[in-house]
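Asks: Here's a structure for you.
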Amino acid sequence: MSADTFPKLLIEQAKKYGSKKTALREKDFGIWQSITWEEYLEKVKYFSLGLISMGFEPEDKISIIGDNKPEWVIAELAAQSACGYGVGIYQDSILKEVAYVINHSDTKFVVAEDQEQVDKILDMEEELPNVKKIIYYDPKGMSKYKH
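So in our numbering, spot 118 of the sequence shown is number 118, and the numbers just go up one at a time.
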């Protein structure tokens, strides 16, 4: 039987290829960084469990705002693995567009790439009553944040 969801397909691929083949690649400072299928599955699993531990429930949504990076795909699949949905937001969207997407999708968790994206959400905190958590994956510039 073939997989009928992306998380199930990820499990199949991880079983088939494990640590032998590359699932995702990203250039970081000019050097290609590879993630194997096994590592990919682990990252999705732990992100999904993290979401659940913070109160993410089936049918909940996460909005993901950032560049096309492995972390974006991992967040999307983690939400799906927890029976939820991912909503993509283009990183160059203006505040009004970001607020519209987050509010109209009933997003409870925002996954932000970096300080710039986190700042967008914090600048609109009053306008985003349903957002419970902001999760970021690039900590550069975030050390003094107490939120």
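We put the beta carbon where it would ideally sit given N, CA and C, even for glycine.
For Gln-13, which of helix, strand or coil comes out of DSSP?
Replies: helix
Asks: For the 8 Å Cβ check, are there 3 or more pairs between the segment 59 to 69 and the segment 78 to 89?
Replies: yes
Asks: Could you check whether the segment 127 to 144 touches the segment 103 to 113, counting it as contact only if at least three pairs of C-beta atoms, one from each stretch, sit closer than 8 Å?
Replies: At 8 Å Cβ cutoff, the stretches touch.
Asks: Could you name each continuous beta strand (DSSP E) segment of 3 residues or more that falls completely within the segment 79 to 118, going from the start of the chain to the end?
Replies: 85 to 89, 109 to 112
Asks: Could you pull out every residue in the same chain whose Cβ sits closer than 7 Å to the Cβ of Lys-21, ignoring the five residues on either side in sequence?
Replies: Thr-36, Trp-37
Asks: How far does the beta strand (DSSP E) with Ser-34 in it extend, from its first residue to its last?
Replies: It spans 31 to 36 - the beta strand (DSSP E) in which Ser-34 sits, taken as one unbroken run.
Asks: When we look at the beta-carbon of Phe-29 and count the other beta-carbons within 10 Å, is it buried (16 or more) or exposed?
Replies: exposed
Asks: Could you give the first and the last residue of the continuous beta strand (DSSP E) run that contains Tyr-136?
Replies: 133 to 136
Asks: Quick check: what's the CA-CA separation for Val-118 versus Pro-139?
Replies: Take the alpha-carbon of Val-118 and the one of Pro-139: they are about 10 Å apart.
Asks: Compare the Cα-Cα distances from Pro-7 to each of Gly-84, Lys-27, Lys-69, Ala-99 and report the closest residue.
Replies: Gly-84
Asks: May I ask you to report which of helix, strand or coil DSSP gives Lys-61?
Replies: strand
Asks: Start and end of the beta strand (DSSP E) containing Thr-23?
Replies: Note that residue 23 is Ala in the sequence shown here, rather than Thr. Element bounds for Ala-23: 22 to 28.
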